[in-house]
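Remarks on the structure that follows.
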Amino acid sequence: MSSNLNVPAQGELDLLSLGAIIHRLDSGRVPFRKAHSLDVHVSGGEFNVAANLSDCFGLRTGIASAMVKYPVGDLIAERVRAMGVRPFYKTFEHDGARGPNMATVYSDQGMGIRPPVVFYNRANEAAALLKPGDFDWDAIFGIGVRWFHSGGLFASLSETTAEVIIEAMKAARKAGTITSFDLNYREKLWKAQGALDKAQSIFKRIVENVDVLVGNEEDLQKALGVAGPEAGKGAALDTSAFFDTITRVVQQYPDIKVVATTLREVHSTNRHTWSAVAWFNGEQVVAPTTQLDVLDRVGGGDGFASGLIYGLLTGESPEQSVRLGWAHGALITTFPGDTTMATVDDVKAFAKGGSARIQR
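Here it is, written out as structure tokens:
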């Protein structure tokens, strides 16, 4: 089976992401309202993919984003450098009191029957101020970019961020770059823009420019308005419902070549059943099913996307690419934070059916 993706063989960057970079303040197993200390994780759905591909898989990646000149921005920029990601920043000055700011996400990990809780402070966020014309896409893609990635988290921030994605997607396609998009529908973030109706009108315009689409059954239905079984009902790992929904998606968007997602059944906060599926030009791929003992579930979906893209960039088969995504997404749930701490050897070993036996 072939992916039918015409991935450029060479480029100065293997992948460029476009999106907001945030910092997540996490209280771990302690409920946030009772916290006395917090861990700081630098994150962002689009950034996570670039960081994972650089740090774990050794690819050359970049991030186009907003950056603010103040200590929080300095902290975030240091982590971007540490993960080996090349920045393309639109830089903003902080006024010393009100911003603009680098967004903050607050969370706790939950435990057992107590679910994790995530909430946001994205007031006066610099990334939401990004608009068409802020990046010279012809110059950026002119250096050679093999793959371009963005997502629904960035699209949700303001009226202009979706337009930046569309502008970049069109420039990427003109340059012969593969484009991918993670729907990542978040109801809390879209409420400020008019919720579901507004989200669908934006997502539909973006997806017209996409080669590889990442999104679960609920994302496909809510973000694109595609009919399907009621989201959240039925068996969580029912692949037939996902593939039925994909059929409707590709009828509306015939240029899409790949649609992929993770499948997760949550038994408790720390015990999940995990799999993944993908559609490649009508062919179906299903990953193995495994039981996960979860430390921190945030970032698992981005980990899957990273492994999948790595496989497709390096010429692996669709089956192996899905396995690499499945394995890397699973491993990320065993680390604190949103980005990878795995090695490529860890991922390949688990993709082949590795175990948790001690390594000596």
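Using the numbering used here, you'd call the opening residue of the sequence shown number 4 and step up by one each time. For glycine and all other residues, C-beta sits at the position ideal for the given N, C-alpha and C.
Residue i versus residue j - alpha carbon distance
i, j, result
"residue 20", "residue 308", "12 Å"
"residue 31", "residue 295", "18 Å"
"residue 430", "residue 94", "Since the first residue shown for the chain is 4 and the last is 363, residue 430 is missing from the structure and cannot be characterised."
"residue 171", "residue 140", "6 Å"
"residue 363", "residue 356", "Here residue 363 scores only 35 on pLDDT, less than 50, and its place in the model should not be relied on; the value that follows carries that caveat. Answer to the nearest angstrom: the Cα atoms are 18 Å apart."
"residue 55", "residue 64", "9 Å"
"residue 304", "residue 101", "33 Å"
"residue 123", "residue 205", "22 Å"
"residue 282", "residue 22", "25 Å"
"residue 58", "residue 210", "28 Å"
"residue 26", "residue 39", "18 Å"
"residue 145", "residue 178", "7 Å"
"residue 159", "residue 29", "23 Å"
"residue 291", "residue 343", "21 Å"
"residue 161", "residue 196", "7 Å"
"residue 77", "residue 213", "33 Å"
"residue 249", "residue 35", "38 Å"
"residue 257", "residue 215", "12 Å"
"residue 191", "residue 318", "38 Å"
"residue 349", "residue 266", "21 Å"
"residue 84", "residue 92", "13 Å"
"residue 252", "residue 142", "33 Å"
"residue 189", "residue 244", "21 Å"
Proximity of residue i and residue j at Cβ, strictly below 7 Å
i, j, result
"residue 263", "residue 226", "no"
"residue 88", "residue 53", "yes"
"residue 347", "residue 60", "yes"
"residue 240", "residue 271", "no"
"residue 106", "residue 125", "yes"
"residue 79", "residue 24", "yes"
"residue 154", "residue 48", "yes"
"residue 297", "residue 275", "yes"
"residue 187", "residue 223", "no"
"residue 327", "residue 314", "yes"
"residue 103", "residue 71", "yes"
"residue 194", "residue 163", "no"
"residue 151", "residue 67", "no"
"residue 320", "residue 311", "no"
"residue 269", "residue 242", "no"
"residue 260", "residue 8", "yes"
"residue 69", "residue 12", "no"
Where the beta strand (DSSP E) containing residue i begins and where it ends
i, result
"residue 11", "Neither: residue 11 is in no beta strand (DSSP E) and is coded neither H nor E."
"residue 124", "120-124"
"residue 92", "88-96"
"residue 294", "293-296"
"residue 107", "107-111"
"residue 287", "286-289"
"residue 164", "Unbroken run through residue 164 is the alpha helix (DSSP H), 162-177; no beta strand (DSSP E)."
"residue 184", "181-185"
"residue 20", "18-21"
Host alpha helix (DSSP H) of residue i (start-end)
i, result
"residue 321", "321-335"
"residue 223", "220-227"
"residue 30", "Premise fails: residue 30 is in no alpha helix (DSSP H) and is neither H nor E."
"residue 267", "Taken as a continuous stretch (DSSP letters only), residue 267 belongs to no alpha helix (DSSP H), being part of the beta strand (DSSP E) at 261-271."
"residue 141", "140-145"
Same chain, Cβ closer than 6 Å to residue i, neighbours up to 5 away in sequence not counted
i, result
"residue 217", "185, 263 and 308"
"residue 148", "14, 16, 19 and 180"
"residue 340", "44"
"residue 354", "326, 327 and 330"
"residue 62", "17 and 56"
"residue 337", "298"
"residue 228", "203"
"residue 42", "29"
Proximal residues to residue i (C-beta, below 7 Å), its chain only, five neighbours per side dropped
i, result
"residue 119", "110, 111, 112, 113, 272 and 300"
CB contact below 7 Å: residue i versus chain D
i, result
"residue 14", "This model lacks chain D altogether; it includes just one protein chain."
Cβ-based neighbour list, residue i, same chain, cut-off 8 Å, excluding 5 preceding and 5 following
i, result
"residue 254", "none"
"residue 116", "271 and 272"
"residue 246", "280, 282 and 287"
The region 96-104 touching the region 274-291, judged by at least three CB pairs closer than 8 Å
no
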